[in-house]
Every structure is written in structure tokens, then in C-alpha cells.
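Inspection log for the structure reproduced underneath, given as C-alpha cells.
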Amino acid sequence: MTENAKAVQREPLVRIVKRGEISAKKAWLIRALAALGAVLTGALLILALGHNPVAVYGQMVVGAVGSKIALVETIKIAIPLLGAAIAIAPAFKMKFWNIGAEGQIMAGAIAASYFALFYSQSLPRPLLLAVMMAAALAAGALWGVIPALFKAKWGTNETLFTLMLNYIILGFEQYLQNGPWKRPSSGGFPKIAMFDEAARLPRLFGVHIGWIFVLLLVVGMTIYLRRSKQGYEIAVVGESERTARYAGMNVSRIIVRTMLISGAIAGLVGFLQVSGANYTLTENTAGGIGFTAITVAWLAKLNPVVMVFIAALLAILQKGSGRIQTEFLIPASAAEVLTGIILFFMLGCEFFINYRLVLRGKEQKHG
1 MTENAKAVQR EPLVRIVKRG EISAKKAWLI RALAALGAVL TGALLILALG
51 HNPVAVYGQM VVGAVGSKIA LVETIKIAIP LLGAAIAIAP AFKMKFWNIG
101 AEGQIMAGAI AASYFALFYS QSLPRPLLLA VMMAAALAAG ALWGVIPALF
151 KAKWGTNETL FTLMLNYIIL GFEQYLQNGP WKRPSSGGFP KIAMFDEAAR
201 LPRLFGVHIG WIFVLLLVVG MTIYLRRSKQ GYEIAVVGES ERTARYAGMN
251 VSRIIVRTML ISGAIAGLVG FLQVSGANYT LTENTAGGIG FTAITVAWLA
301 KLNPVVMVFI AALLAILQKG SGRIQTEFLI PASAAEVLTG IILFFMLGCE
351 FFINYRLVLR GKEQKHG
């Protein structure tokens, strides 16, 4: 056996190799094939449940956008998803893995709820809403800057730090809900009182005006990341902290500043949730939004404009899955699996855009 043959035999059967440049046409072809694969795989699941895939997919669309009421509910789902994705974008751009948007949303929601519960009778509505929003921004920023300070000073792992902070703030909310903020008339069931009308966001076109806030954030974050000096600094730190320091940048200050912004925007999302959607504070106020937003930001490649469409798609899937549960009596778990299949293919296609699989002995053909 020749040396070359022995070398080939020692290679793994399949290797993952990072791609070089890939044309936009080929990238979109991979995405189209992934979408087709998601639809077909989901159809197999639906057939296994004894339903017509065409009818089920049709009802998902109808349930999400088929009427004004459905469309409004879908937009209400998309608003916090988009806001949270924008919140984590600058941190992720800097390669600071902020997994704590969930907790930062809750921190903002708690701060806003304090003023909604105890100052709704003493402050005029415009001032009350402004104070609630300012409090939410400040609380979210505080909860975001804590891990940034530890990272900048002692180099702690931001992924674990931000994740653990989620549970701390959730525990604090549960304390408030079961203790000092519990509505006396709720009996044995711990519940916080509903907000007074003065503490609720006004509506425009049937949806609370939070959608205006998040669209403004899309524009602002796009300009901030692409056109501002601070956005350039974030990109440089994300590429290489060593290069940033060599260029004279204060990396610690950039990390802290970026997480202040990231946390503040997440806190704003908390304000929009309690004041615009739920009208009260519960342990489900964040409801996984901070984690799902990671998928939105990742699929959009941290592009705020693309996030609008990704957030809308996920909102349609979430709202549509609720429709098929009632229309076809499909179990909630099966509807979530169907949604998961679609997300799996969406994320998986990005892998094949950035990497390729090389079979044993085939590298030279692709080199």
C-alpha cells in the first residue's frame, strides 16, 4: 500500500471544511432547498398525525394573517422578538455572547411595573409612560452592564454570567408576585394587579405603539453599527481585541458601553410587554423572547433590517401553530415540533452556506 493510500485511509470519512467565497445565487439556492426540505419534512409529520399537509399549512397562514385580529396578534408577537434581537445585535457583533436578554427584559418590566402599580393615580398619563420607559431602560442597562464590568475587569465568562442573571431576576419577580406586589383579592393564586388605563400604551392601527419604537430601533441600530465610530469600534473588538488595543481603543470601555446599550434596549422590550401587551407583570413576561431573539439575530446575520422579516416569519409560525392546534386538534407538542423542524432547516442551511462536507480522498477535486 502506497504512502498516499495510507494517508487517505487515515482521513475521516467526512470532513467539514470552511468555504471560501460563495456566490449570492448559490447561497439563495441552498436556502431555497432548505425551505423545501422543511416543508416536505413537516408534511411527513402532518401525514403521520393523519392530516392533510396542504390544509394544515394553509390554516397556519390563515391563523396568522388571515384576518385583522389574527394579524394584530401576530404583530404583537413579532414586536418583542424584533426588539430583543436588536438588543443583542451590538453585543454579538462584539462577540460578547449576551445570553441574558431574557433577564434584561424582565428587569425592565419590573422597573416599569413599579411605577405602573404605585404611581398611576398621581402622575398624568404621558409623564407616567415616560417615567416607566425611562425606568425600564435604566434597569435593563444595569442588568446588562453587570456582566460587562466583570468581563472587562476579570475576564469572566459572559455566556454563563448572563445566563445565571436570568434566573436571579426571575426569582426576584416571583418574590414580588408572591409577596409585596401580590393582589390581595387574588386569594391563594399569586397574581399582580392589572395596570390602570393610564399605564397602558396607546394603540395605532389596532396595535400598541411599540411597533413604532422597534422600527425606529431598526433604523437607529443600522446606522449605529454601520456608520458610527462606536459601531466601527464594536466591529474591531469583535474581530480581535488585541488589534483593537494595538489601535489605541479602550476595549473595557467599549464592552461596558455596548452592554449598556444592549441591556437598555432589552429593558425597553420589557416595558413594551407589560405596558403594551400584557398590562401586568408575570413570570412569563419575557416568555423565552430573549432566547428566541438569538435565533432571529443569528439568521439575520446581525442585520437589523433582515431581522424584521425573520421576526415576522417566526411570529407567523408561532401564531399559526396555535391555529392548527384548535382547528385540527393537533397536540401542542406536535405543533411545536413542526415549528422546530422549520427552524432547524433554516439554521441548518446557514451551516452549508459557510461550510462544505468533503468525503475521504475528495479534497483535491474541490481544492
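Each residue of the sequence shown is one higher than the one before, starting from 1 at the first, in UniProt numbering.
Beta carbons are placed, not taken as given, at the ideal position from N, Cα and C, and that holds for glycine.
According to the DSSP assignment, I16 belongs to the beta strand (DSSP E) that extends over V14 to K18. With a cutoff of 8 Å on beta-carbon distance, G103 and I169 are scored as near each other. Listed in chain order, the beta strand (DSSP E) runs fully inside the region 54-128 amount to none, counting runs of at least 3 residues.
For R227, the enclosing alpha helix (DSSP H) has its first and last residue at G210 to R227. Beta bridge pairing from DSSP links K182 with I192. Under the three-state reduction of DSSP, Y355 is assigned to strand. Rounded to whole angstroms, the gap between the alpha carbons of K229 and A89 is 16 Å.
R203 is bridged by DSSP to H208.
Under the DSSP assignment, I316 falls in the alpha helix (DSSP H) whose first and last residues are P304 to F328.
Pairing I22 with I353 gives a Cβ-Cβ distance under 8 Å. Contact between A311 and A78 is confirmed by a C-beta separation of about 5 Å, below the 8 Å threshold. By the Cβ neighbour-count rule, Q177 is buried, with 16 or more other Cβ atoms within 10 Å of its own.
A55 counts as exposed, since fewer than 16 other C-beta atoms from the protein chains shown sit within 10 angstroms of its C-beta.
Taking the C-beta atoms as reference points, M259 is found nearer than 8 Å to N98.
Taken atom to atom, the span from the alpha-carbon of F345 to that of I294 is near 16 Å.
Contact between the region 33-47 and the region 333-351 is present, with at least three C-beta pairs closer than 8 Å.
Closest in alpha carbon position to M106, among L201, R125, Q174 and F96, is Q174.
N166 counts as buried, since at least 16 other C-beta atoms from the protein chains shown sit within 10 angstroms of its C-beta.
The C-alpha of F291 is placed about 15 Å away from the C-alpha of L347. CA-CA distance, I261 to M194, rounds to 29 Å. Taking C-alpha positions only, N157 is separated from L81 by approximately 25 Å. A straight-line Cα-Cα distance of about 15 Å links V219 and A84.
Three or more Cβ pairs drawn from the region 126-141 and the region 266-282 lie within less than 8 Å of each other, which places the two stretches in contact.
Assignment of I254 by DSSP, reduced to helix, strand and coil, places it in the helix class.
In the displayed model, P331 falls within coil according to three-state DSSP, outside both helix and strand. Within the same chain, and ignoring the five residues on either side of V337 in sequence, the residues whose Cβ sits closer than 7 Å to its Cβ are L45. One thing to note: M132 has its Cβ no nearer than 8 Å to the Cβ of F118.
Looking only at I330, G108, C349 and Y355, the smallest Cα-Cα distance to A48 is reached by I330. If you look at G288, you'll find it isn't in any alpha helix (DSSP H); DSSP assigns it neither H nor E. Short of 8 Å from the beta carbon of L201, and not among the five residues preceding or following it, lie these beta carbons of its own chain, in chain order: L129, H208, I209, G210, L272, S275 and G276. In the structure shown, the three-state DSSP call for E233 is helix. Following the DSSP letters along the chain, one finds G42 inside the alpha helix (DSSP H) bounded by residues A24 to A48. When only Cα atoms are considered, R323 and N52 end up about 15 Å apart. Within the same chain, Cβ atoms closer than 8 Å to the Cβ of K319 are found at G63, A64, A70, E73, T74 and I77, the five residues on either side in sequence being excluded.
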